[in-house]
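Chemist: Mapping to this note's numbering: the sequence shown position 56 is 74, numbers consecutive.
Below is one structure. I have some questions about it.
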Amino acid sequence: MNSSLDFRECLWAAEDPEVQKSCFLARVYEHKPPKRYVFDQVYTILQHGPTSGFVTISMILNGASTADQFFRKTKEKRFTAMGEMFTAANSGHSPNSRVRRDFSESVNCSRVIPNACHIVPYDYDVNLSPCLRKGYKAHWTLVVGYLIDHKDHFYEIVRQEKSHLLGIWLLSELGESKAIMTEFSQPKQYPEADFILPEGGIAGPRGFC
Numbered sequence: 019m020n021s022s023l024d025f026r027e028c029l030w031a032a033e034d035p036e037v038q039k040s041c042f043l044a045r046v047y048e049h050k051p052p053k054r055y056v057f058d059q060v061y062t063i064l065q066h067g068p069t070s071g072f073v074t075i076s077m078i079l080n081g082a083s084t085a086d087q088f089f090r091k092t093k094e095k096r097f098t099a100m101g102e103m104f105t106a107a108n109s110g111h112s113p114n115s116r117v118r119r120d121f122s123e124s125v126n127c128s129r130v131i132p133n134a135c136h137i138v139p140y141d142y143d144v145n146l147s148p149c150l151r152k153g154y155k156a157h158w159t160l161v162v163g164y165l166i167d168h169k170d171h172f173y174e175i176v177r178q179e180k181s182h183l184l185g186i187w188l189l190s191e192l193g194e195s196k197a198i199m200t201e202f203s204q205p206k207q208y209p210e211a212d213f214i215l216p217e218g219g220i221a222g223p224r225g226f227c
């Protein structure tokens, strides 16, 4: 982040300049601090190719295991062809206490664990925020914190593989986006590729979880 930027708003987050900038741009908590604020610093690793899920897990591990290592391991097991990941169970990584999966529209504040990272599939819009496309713009994101105001509005702080800028999204919007991911859309960049879908398909029990 450019340290020369001088924000007059969101001063409560001045010790975390990335959060301060993202809240300022999202017009969230500009003048009053949230009731609760948790942020786990995880640095961005940008993705190359359809490897969003593997890059997300690599970020949790601070790059100790690369997306390419996850890709090669899961390709050997025939869980992926081009780097696609439709379920975190096929990531080639055994989830530990820092990784929580399977968010849905029913997630509430009490289930979000402070200082824990959550891998969440969702559909992304042109600005990378959640949208409702039924899986046609599927992507993975990494929740690295949250904000709760005095009216109990709940915002997720997320880290993307397509941008160095943190996202500040309503939990309900992220959950709604994930909940209707039931279809697969062949990426335009890979019109001839044969992607490996999970058993039962995208709408099945192992689809986008």
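Quick reminder that beta carbons are idealized off the backbone N, C-alpha and C, glycines included.
Per DSSP, Pro139 is paired with what?
Modeler: Per DSSP, Trp158.
Chemist: Would DSSP call Leu189 helix, strand or coil?
Modeler: In the structure shown, Leu189 sits in a helix (DSSP, three-state: H, G or I).
Chemist: Please classify Phe97: does DSSP put it in a helix, a strand, or coil?
Modeler: Three-state result, Phe97: coil.
Chemist: From the DSSP secondary-structure annotation, give me the bridge partner or partners of Leu165.
Modeler: Bridge partners of Leu165: Tyr55 and Tyr173.
Chemist: Using C-beta distances below 6 Å, list every residue in its chain close to Tyr142, excluding the 5 sequence neighbours before and after it, in chain order.
Modeler: So the qualifying residues of the chain are Lys155 and His157.
Chemist: Name the two residues that bound the continuous alpha helix (DSSP H) containing Pro35.
Modeler: That run of the alpha helix (DSSP H) goes Pro35 to Ala44.
Chemist: Which residues bound the alpha helix (DSSP H) around Thr71?
Modeler: Per the sequence shown, the amino acid found at residue 71 is Gly instead of Thr. Taken as a continuous stretch (DSSP letters only), the alpha helix (DSSP H) holding Gly71 covers Ser70 to Ile78.
Chemist: For Pro139 versus Phe72, is the C-beta spacing smaller than 8 Å?
Modeler: No. Outside cutoff.
Chemist: Have a look at Pro35 and Glu102 and give me their C-alpha separation to the nearest angstrom.
Modeler: For Pro35 and Glu102, the distance between alpha carbons rounds to 33 Å.
Chemist: Quick check on this structure: which residue in Arg96, Cys41 and Thr84 has the alpha carbon closest to the alpha carbon of Phe213?
Modeler: Phe213 has its Cα closest to that of Arg96, out of Arg96, Cys41 and Thr84.
Chemist: Could you compute how far the alpha carbon of Val117 sits from the alpha carbon of Glu210?
Modeler: Its pLDDT being 39, under 50, Val117 is placed unreliably by the model, and the measurement read from it follows with that caveat. Roughly 33 Å between the two C-alpha positions.
Chemist: Between Ala85 and Thr69, how many whole angstroms is the CB-CB distance? I'm expecting something under 8 Å.
Modeler: The Cβ separation is near 5 Å, so the contact holds.
Chemist: Take the Cβ of Ile220 as the centre, count every other Cβ of all protein chains shown within 10 Å, and call the residue buried at 16 or more, exposed below.
Modeler: Burial call: buried.
Chemist: Do you know how far the Cα of Gly153 is from the Cα of Gln204?
Modeler: Each residue's Cα considered, the two are about 11 Å apart.
Chemist: Taking 7 Å as the limit between beta carbons, can you name the residues of its chain near Ala31, skipping five residues before and five after?
Modeler: Result list for Ala31: Val37, Gln38 and Cys41, in chain order.
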